[in-house]
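This report refers to the structure that appears directly beneath it.
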Amino acid sequence: MAIKVGINGFGRIGRMVFRAAVKNFSDIEIVGINDLLEPDYLAYMLSYDSVHGRFQGEVSVDGNTLIVNGKKIRLTAVKDPAELKWDEVGADIVVESTGLFLTKETCQKHITAGAKKVIQSAPSKDDTPMFVYGVNDK
Numbered sequence: 303m304a305i306k307v308g309i310n311g312f313g314r315i316g317r318m319v320f321r322a323a324v325k326n327f328s329d330i331e332i333v334g335i336n337d338l339l340e341p342d343y344l345a346y347m348l349s350y351d352s353v354h355g356r357f358q359g360e361v362s363v364d365g366n367t368l369i370v371n372g373k374k375i376r377l378t379a380v381k382d383p384a385e386l387k388w389d390e391v392g393a394d395i396v397v398e399s400t401g402l403f404l405t406k407e408t409c410q411k412h413i414t415a416g417a418k419k420v421i422q423s424a425p426s427k428d429d430t431p432m433f434v435y436g437v438n439d440k
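Per the numbering used here: the sequence shown ends with 440, consecutive numbering throughout.
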């Protein structure tokens with residue numbers, strides 16, 4: 303069974319999480335992406351990365367849906383994570399990669415919206431523990 307992942311913030315880190323999931327992990331399914339930019343621009347930035355090169359796959363947009371290699375992914379442009387309705391897409395984990403929501407309180411909004419877990423891509427601004435795989439993950 304696939305782990306269903308939502309991404310909040312589709313900048314450099316969000317796009318790299320997406321690329322890694324698609325390329326290296328068949329058991330991870332991206333089910334939703336939230337970013338305030340236009341869907342066509344998000345598709346363009348995924349397709350053409352100045353550092354990592356062209357995305358090896360087909361990318362298109364249909365309204366508020368990103369279609370990657372035939373897989374439909376919900377796109378939203380919501381400022382408040384509590385309103386993201388992660389439960390509607392079945393997100394198990396949300397990658398918080400906006401750099402804006404870096405406390406337990408603000409990440410809890412993703413849980414309120416239906417996610418089971420949240421991974422922050424930047425150091426927290428409170429006492430939320432930070433784990434580095436291979437260093438302090440045990």
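C-beta: ideal position from N, C-alpha, C; glycine also.
If we count the other Cβ atoms within 10 Å of its Cβ and call it buried at 16 or more, is Q269 buried or exposed?
No answer is possible for residue 269: the residues shown for the chain start at 303 and end at 440.
I need the DSSP call for D351, collapsed to helix, strand or coil.
strand
Is the distance from the Cβ of E331 to the Cβ of A304 below 8 Å?
With respect to A304, E331 sits close: the two C-beta atoms are nearer than 8 Å.
Would you decide whether D337 is buried or exposed? Buried here means 16 or more other CB atoms lie within 10 Å of its CB.
buried
Between the Cα of I335 and the Cα atoms of G313, K419, Q410, K427, which residue gives the shortest distance?
Of the candidates G313, K419, Q410, K427, the one whose C-alpha sits nearest the C-alpha of I335 is G313.
Where does Q358 sit, in a helix, a strand or coil, going by DSSP?
coil
For K306, which residues in the same chain have their Cβ closer than 6 Å to its Cβ, ignoring the five residues on either side in sequence?
E331, V333, G392, A393, D394
Buried or exposed: V319, going by 16 or more other Cβ atoms within 10 Å of its Cβ?
buried
Counted within 10 angstroms of its Cβ, other Cβ atoms place G355 as buried (16 or more) or exposed
exposed
Quick one: give me the first and last residue of the alpha helix (DSSP H) that N326 is part of.
314-326
Nearest to T400 (by Cα), restricted to the options S423, T367, T378
S423
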